[in-house]
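Novice: Please find one structure pasted underneath; my questions will follow.
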Amino acid sequence: MKVDLLSDTHIHTSLCRHASGTMEEYVLSAIDRGLARLVFLEHLEEGINAAYRTWLTEEDFDNYFEEGWRLKQHYANRIMIGLGVEVGYNPECVERILERLAWRRWDWVGLSCHFFRIDGHNEHLNVLSNNRRTIGLIERYGSRKFLNRYFATLTEGVRTIPAHILCHLDAGLRHQPNLHLEDSHWEQIDTLLDEVKSVGMALEINTSGYKYRGLPFPRPEIIALARDKEIPLTLGSDAHNPAEVGRYFDRIPALLS
Ligand SMILES: [Zn+2]
Ligand SMILES: [Zn+2]
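So this is what it looks like as C-alpha cells:
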C-alpha cells in the first residue's frame, strides 16, 4: 500500500496556543519543502477541564476558516491546502462534539484522544504531555491500566466520530517511564485496527514520534499490522512550528520497504 510522501496532513499553528507560526508561514514552509498538499489539523476539544487551554474556540475557528480560504486562493497554483480538525474524543460530550463537527465543512477530520479524568479528580489530564505531576498521577492510578483505558477510549471514538484518519495511535502515555505494550494492549490494538478498517478510516503515520523515540507513532509493528489489514496510511508531521512541516518524511520509504 502506497503512502503519499508529498502530503502532510497534520499541521498546527499558533491558534492552538502551544504552537508557533501563522498559517501562512506553514504554507510557505510546505512549498519550500516541495510538498503538494498541506492539511491544517487544528485542535477541537469539548468539555475538557484543564488549567490552560490548548485548543481553538469557535471564534478561533471562524478566523481559521477566513484566513484558510484566503490562503487556499492565494496559493492555489502552488500547493493544495486543506482545512481540517483534530478532534479529541471525549465520551462525556459526544452529542456536542458531533454537533460542532456538523457546523462546518472540514476538508479533513483526524481523531485522537488527549484528555482523561481520573476518578475523584475534576480536572482532565493530557496523556500526551510530559508534565511531571500528570505522569505521577497516572503512575499512581496504574499506567498499564491507564493504557488499556486509552486504547478502549480510542476504539469507542472510532465507532462514534466520523473521521478520515486516526492520529498518532500509540502516542498516549508516551512520556510514562517503563511502560511497555503487553498482550492485553496488543489485543486492544488489533480490535482498534479492525474498527478503523470497518468504518473506512485511514491510519496516520505521525512522524513527530521520530523526535521523541526515534520511531513514528504508531511504531512499525503496528503499521505492519495495519498494512496486513489493508488499512490506508497517511503521513502527518504534527508540526507545531513551521520548520517541522514534512519532518522525517525522508525516512518513510525505508520504513515501508
Ligand atoms: Zn498540539
Ligand atoms: Zn494530537
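Using the numbering used here, the first residue of the sequence shown is number 253, and each one after it goes up by one.
In this text, a Cβ means the ideal position worked out from N, Cα and C, and glycines have one as well.
List the DSSP bridge partners of M332.
Specialist: R289
Novice: Nearest CA to the CA of S266: which residue from D312, G452 and N301?
Specialist: Sorting D312, G452 and N301 by C-alpha distance to the C-alpha of S266 places D312 at the top.
Novice: Mind checking which residues open and close the alpha helix (DSSP H) that includes R352?
Specialist: V346 to W355
Novice: State yes or no: is the C-beta of C524 nearer than 7 Å to some heavy atom of ligand 1?
Specialist: No answer is possible for residue 524: it lies beyond the span of the chain, which begins at 253 and ends at 509.
Novice: Quick one: residues in its chain with C-beta nearer than 8 Å to the C-beta of G334, no 5 flanking neighbours on either side, listed in chain order?
Specialist: Annotation for G334: T261, R289, L290, V291, F292, D359 and W360 place their beta carbon closer than 8 Å to its own, counting only its chain and skipping 5 residues before and after.
Novice: On the premise that I390 lies in contact with Q428, defined as a C-beta separation below 8 Å, what is that separation, rounded to the nearest angstrom?
Specialist: Going by Cβ atoms, the distance from Q428 to I390 rounds to 6 Å, so yes, they are a contact pair.
Novice: State yes or no: is the C-beta of A271 nearer than 7 Å to some heavy atom of ligand 1?
Specialist: Checking the Cβ of A271 against ligand 1 gives yes.
Novice: Out of curiosity, what's the CA-to-CA distance linking Q325 and Y316?
Specialist: 14 Å
Novice: What are the start and end residues of the beta strand (DSSP E) that includes E439?
Specialist: Segment D435 to V451 is the alpha helix (DSSP H) holding E439; no beta strand (DSSP E) there.
Novice: Tell me whether H326 sits in a helix, a strand or coil according to DSSP, three-state version.
Specialist: helix
Novice: With 16 as the cutoff for other CB atoms within 10 Å, does G394 come out buried or exposed?
Specialist: Result: exposed.
Novice: Which one or two residues does DSSP pair with I387 in a beta bridge?
Specialist: According to DSSP, I387 bridges with nothing at all.
Novice: Please state if the CB of E294 and the CB of E338 are separated by a distance shorter than 8 Å.
Specialist: yes
Novice: State buried or exposed for R392, treating a residue as buried only when at least 16 other CB atoms are found within 10 Å of its CB.
Specialist: Residue burial is scored here from C-beta neighbours: R392 has fewer than 16 other C-beta atoms within 10 angstroms and is therefore classed as exposed.
Novice: Please check the pair E456 and L418, which I expect to be a contact at CB under 8 Å, by giving their CB distance rounded to whole angstroms.
Specialist: Right, their Cβ atoms sit about 6 Å apart.
Novice: Could you tell me if G372 is buried or exposed, where buried requires 16 or more neighbouring beta carbons within 10 angstroms of its beta carbon?
Specialist: exposed
Novice: Could you spell out where the alpha helix (DSSP H) holding E276 opens and where it closes?
Specialist: M275 to D284
Novice: If you compare alpha carbons, which of N382, L287 and Y500 is closest to Y327?
Specialist: L287
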